[in-house]
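If you're matching positions, the sequence shown starts at 1164 in the numbering used here and goes up one per residue.
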Amino acid sequence: MKKLFILIAIIAATCAGKLTAQSLRTSITFEIKNLGITTDGSIGGLSTKVHFNPANLAGSTVEASVEVNTINTDNSGRDEHLRSEDFFDAARYPKISLRSVAFKHRSGNNYTGTFILTIKDKSKQVEIPFSFLDKGNSVEFKGTLKINRLDFGVGSTSLILSDDVTVHIDCEEKKPESAGA
């Protein structure tokens, strides 16, 4: 139930195309240990402004957000608890946001993005390794990151719930007609 880390899914916002693109496939999922068992879920409502160009990383930018009310762990009681003041406080903080700071090429289709992740008005710089694949008419982003939910005031210290949340981002976007690499 402490899927609070779904918020981290915003990081998934890195999943857009060059300039503004139409989403073909978006999956932002998360995992956290609860009572020693891996619990997973997803978050939706992804909104992005993306200009990612491997040939001009310094000029590339990503802004993204997800809607906290879309948290889904296939357990309505848990989902409501995650949206409550105890965790994400969706009434006061309806969105989780992500804004790029810089990108680095690692090798092949692999990159690392430095982002400012904001959850519940708490911002922290995070690095997200991701792959970028130009498929001709579309682009694909895949990345994974780990965050500590306590860094963002999501939930409290617990012997039952892990502090670490793993977020997986998998997005494919249609390239806009005017997009140039």
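Using N, Cα and C, we set each Cβ at its ideal position, and we do this for glycine too.
Counting every other CB atom within 10 Å of its CB across the protein chains shown gives isoleucine 1323 a total below 16, marking it as exposed. Only exposed fits valine 1264, as fewer than 16 other CB atoms lie within 10 angstroms of its CB.
DSSP places arginine 1246 in the uninterrupted alpha helix (DSSP H) bounded by 1239–1246. A straight line joining the alpha-carbon of phenylalanine 1250 with that of glycine 1318 spans about 4 Å. Looking at the DSSP output, aspartate 1333 shares a beta bridge with Ser1190, Lys1305. For asparagine 1273, the uninterrupted beta strand (DSSP E) segment begins and ends at 1273–1282.
Residue pairing of glycine 1204 in beta bridges, as defined by DSSP: Phe1193.
A distance below 6 Å between beta-carbons, with the five flanking residues on each side excluded, links lysine 1196 to the following residues of its chain, in chain order: Ser1325. Closest option to glycine 1306, judged by alpha-carbon separation, among Pro1217, Asp1333, Arg1241: Asp1333. For the options Ile1191, Lys1338, Ser1228, the alpha carbon positioned closest to that of leucine 1280 is the one of Ser1228.
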